[in-house]
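Numbering (my numbering), first residue to last: 5 to 276.
Positions of the beta carbon are idealized from the N, C-alpha and C atoms, including for glycine.
All values reported here derive from a predicted model rather than from experimental measurement.
Read through the structure below, which is laid out as structure tokens, and then see the notes.
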């Protein structure tokens, strides 16, 4: 809570200098109370630590203010609870001032915007627009995969095992010993592999674990998860034992497509 207050203090002069009319409150319930009386609120910017179930329920309603969630690496699970709210973006809690204001500008834009998967801190506004278009294309392609329309027939191939999938993942991570990690950044594929391995192992995968598997910054991982959930490739489940955690699974059609694809490559050499 103290860190959230410190960030709010840092943002006060920043928002004032950008001519944003902003009100600061110290809890999720206080935000909820404000929304109950003030219909002029266009965006809610909140630390992950202040998110509450009641506030998220309110921000899922049609016409809700846009939501920007400030995320620390340790808070990915809690941030994942906001995936189905009227989410504008996930932003790193230590985001640069200019990128912070740019994120708010995008949230307040009346035109529909696609969620970019690159880090705000290392992309210009023009690059973000191009990446948004690319994400739309990838999401559409993955949605087709999830519907089974591009399934690769496995024929009589032997079943794929979790050990084999984990070996593929290990090989992918091994590349980073010899080349810069960003050279091979492919978070969607890394997530698909991790989820199909977990499915074969009968294990559940939390949002934070999936962000780690993607081998990208937390905010980037969260954006990918949100995009893939929206496209129907991933399915989000709340943890019945912990209200501040969500699990991610592959949709059945996407899982079968992954199994068919991996099985069809047996005997074709290593899959990286």
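Within 7 Å, strictly: CB atoms of residue i and residue j
i, j, result
"residue 112", "residue 240", "no"
"residue 93", "residue 108", "no"
"residue 209", "residue 199", "yes"
"residue 237", "residue 84", "no"
"residue 74", "residue 58", "no"
"residue 55", "residue 89", "no"
"residue 215", "residue 80", "yes"
"residue 263", "residue 169", "no"
"residue 2", "residue 218", "What the structure shows of the chain is the stretch from 5 to 276, and residue 2 is not part of that stretch, so it cannot be assessed."
"residue 39", "residue 62", "yes"
"residue 177", "residue 188", "no"
Opening and closing residue of the beta strand (DSSP E) in which residue i lies
i, result
"residue 51", "47-51"
"residue 250", "250-254"
"residue 181", "Neither: residue 181 is in no beta strand (DSSP E) and is coded neither H nor E."
"residue 70", "70-75"
Environment of residue i [buried if 16+ CB atoms lie within 10 Å]
i, result
"residue 191", "buried"
"residue 69", "buried"
"residue 201", "buried"
"residue 99", "buried"
"residue 167", "exposed"
"residue 235", "buried"
Nearest to residue i (by Cα), restricted to the options the options
i, options, result
"residue 101", "222, 17, 188, 45", "17"
"residue 53", "70, 43, 31, 64", "31"
"residue 96", "254, 225, 195, 242", "225"
"residue 10", "247, 223, 51", "51"
Unbroken alpha helix (DSSP H) run spanning residue i, endpoints
i, result
"residue 38", "32-41"
"residue 62", "57-62"
"residue 65", "Premise fails: residue 65 is in no alpha helix (DSSP H) and is neither H nor E."
"residue 26", "Taken as a continuous stretch (DSSP letters only), residue 26 belongs to no alpha helix (DSSP H), as it is neither H nor E."
Neighbour flag for residue i against chain D, beta carbons, 7 Å
i, result
"residue 267", "In the structure shown, chain D cannot be found, because there is only a single protein chain."
Query raised in the report: If you scan the segment 210-257 from start to end, which runs of the alpha helix (DSSP H) of 4 or more residues do you find wholly inside it?
Result: Runs found: 211-218, 222-234.
Query - Runs of beta strand (DSSP E) lying entirely within the segment 77-105, each at least 3 residues, in chain order - result: As summarised for the segment 77-105, the continuous beta strand (DSSP E) elements at least 3 residues long and confined to that stretch are 91-96, given in chain order.
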